[in-house]
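For reference, the structure is listed below as structure tokens.
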Amino acid sequence: MPLLPDHLVIRVHDLKQTIADFTEQGFTVQRGGTHADGSTHNALIGFDDGSYIELIAFLKDAREHRWWDAGQRAGEGFVDFALLPESVARTVEAAYARGLYYEGPIPGGRIRPDGTRLEWQIGRPSTRDLPFLCGDLTPRFLRVAEGEVRKHRNGTTGLAAINVAVEDLDRSIDRYRILLGDVEVHRSTLVGQGVRLATLPLCATTVTLLSPVDSASATGLAAELRGQLAARGEGVIGAALRVADAAQARTLQRELTHGARLDLVHP
1 MPLLPDHLVI
11 RVHDLKQTIA
21 DFTEQGFTVQ
31 RGGTHADGST
41 HNALIGFDDG
51 SYIELIAFLK
61 DAREHRWWDA
71 GQRAGEGFVD
81 FALLPESVAR
91 TVEAAYARGL
101 YYEGPIPGGR
111 IRPDGTRLEW
121 QIGRPSTRDL
131 PFLCGDLTPR
141 FLRVAEGEVR
151 KHRNGTTGLA
161 AINVAVEDLD
171 RSIDRYRILL
181 GDVEVHRSTL
191 VGQGVRLATL
201 PLCATTVTLL
211 SPVDSASATG
221 LAAELRGQLA
231 ARGEGVIGAA
241 LRVADAAQAR
251 TLQRELTHGA
261 RLDLVHP
């Protein structure tokens with residue numbers, strides 16, 4: 001079974017306000033509950049294709065947490081994305097045999113507002129350009145609810161694309177090929193932008209790795225990528241969500257997406 005897109009993670013300061021803001025933009029938002037370690041709580045926006053967005057906020061200081069932002073220096077926005085394996089343990093073992101290190105399986109879970117306890121396992125990469133792995137031990141529909149909660153007033157049906165800022169494009173391509181298998185990679189350069197990129201297929205979702213070309217006078221997208229890498233490190237810089245109707249395509253207000261660059265696109 002191939003690795004599937006699982007979810008995007010957006011770190012926010014005030015979960016209640018974030019739920020209200022995403023609801024205002026036409027999303028159906030579900031309260032997720034409190035994670036097992038008590039450090040964070042979350043809400044979810046599920047889509048028809050099975051993927052979702054996780055809105056996560058800290059409940060207390062957690063300096064050991066992968067997404068902790070000491071002093072809120074980096075602020076709100078994307079912090080990660082996850083792939084869904086059939087087995088975290090087997091995927092971690094297979095990656096290690098091919099020369100790519102993932103830590104895990106690491107136990108995880110949360111308690112939903114209705115008291116239901118969920119459990120999963122995590123595979124954590126050693127570099128931030130790669131996604132983490134999230135595999136369910138309890139039935140997945142308990143973590144990612146099905147039915148009407150996956151319907152949205154703004155027409156969103158799934159995850160179309162993920163853009164990832166990386167330091168070294170060639171090394172990141174090698175890591176993704178080890179993780180995903182010998183996938184077809186399309187390389188190109190954005191002329192006049194000072195950016196090299198590579199696109200990789202992830203089922204119906206496209207992952208694009210973007211890296212600024214060395215230049216002290218970088219402007220435009222190259223300057224934005226350099227700012228992202230300096231302030232937040234490698235990781236998700238933007239995403240596109242698929243909508244059912246071309247009339248619904250638009251760029252969402254970043255004030256209401258809490259720093260996350262999100263576009264609604266029609267194929």
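Count the sequence shown with full-length UniProt numbering and you get residues 1 to 267, in order.
C-beta atoms are modelled at their ideal positions from N, C-alpha and C, and glycine is treated no differently.
Could you please give the first and the last residue of the uninterrupted beta strand (DSSP E) stretch that includes residue i?
i, result
"Y102", "102-111"
"R187", "186-190"
"residue 311", "For residue 311 there is no data in the structure shown, the boundaries of the chain being 1 and 267."
"D263", "262-265"
Between which two residues does the alpha helix (DSSP H) carrying residue i extend?
i, result
"E54", "No alpha helix (DSSP H) holds E54; the beta strand (DSSP E) holding it covers 52-58."
"R196", "Not the alpha helix (DSSP H): R196 falls in the beta strand (DSSP E), residues 195-202."
"R177", "169-180"
"G220", "220-231"
Pull up the distance between the alpha-carbon of residue i and that of residue j, whole angstroms please.
i, j, result
"T127", "P2", "21 angstroms"
"A246", "R153", "14 angstroms"
"L190", "T251", "21 angstroms"
"R140", "A43", "16 angstroms"
"F78", "G259", "8 angstroms"
"L59", "S188", "42 angstroms"
"S87", "R124", "14 angstroms"
"A95", "P105", "13 angstroms"
"A62", "G38", "10 angstroms"
"residue 333", "Y176", "Lying outside 1 to 267, the shown extent of the chain, residue 333 is not represented and no answer is given."
"R31", "T219", "40 angstroms"
"E119", "V213", "42 angstroms"
"Q248", "R98", "43 angstroms"
"G26", "L256", "11 angstroms"
"H35", "G115", "12 angstroms"
With DSSP as the reference, identify every bridge partner of residue i, one or two as the case may be.
i, result
"G164", "The residue asked about is misnamed: residue 164 is Val in this sequence, not Gly. Per DSSP, L209, V236."
"P2", "Partner(s): none; P2 has no beta bridge."
"A43", "R31, L55"
"T156", "V243"
"I19", "Its beta-bridge partners do not exist; DSSP assigns none."
"R11", "I56, G77"
"R250", "L264"
Any contact of the region 125-139 with the region 77-84, i.e. 3+ C-beta pairs under 8 angstroms? Enough Cβ pairs lie closer than 8 angstroms, so yes.
As an exercise, report each continuous beta strand (DSSP E) stretch of at least 3 residues that is fully enclosed by the region 79-148, in chain order. List check, beta strand (DSSP E) in window: 102-111, 117-125, 132-136.
With three or more beta-carbon pairs closer than 8 angstroms as the criterion, would you say the region 7-19 touches the region 95-115? No, the region 7-19 does not touch the region 95-115.
Can you find at least 3 beta carbon pairs, one from the region 16-25 and one from the region 158-178, that sit closer than 8 angstroms? No, the region 16-25 is not in contact with the region 158-178.
Between the region 143-151 and the region 32-49, can you find at least three pairs of beta-carbon atoms closer than 8 angstroms? Contact holds: three or more Cβ-Cβ distances are below 8 angstroms.
Decide if the region 225-238 is in contact with the region 158-166; the criterion is three or more beta carbon pairs, one per stretch, under 8 angstroms apart. Segments in contact, yes.
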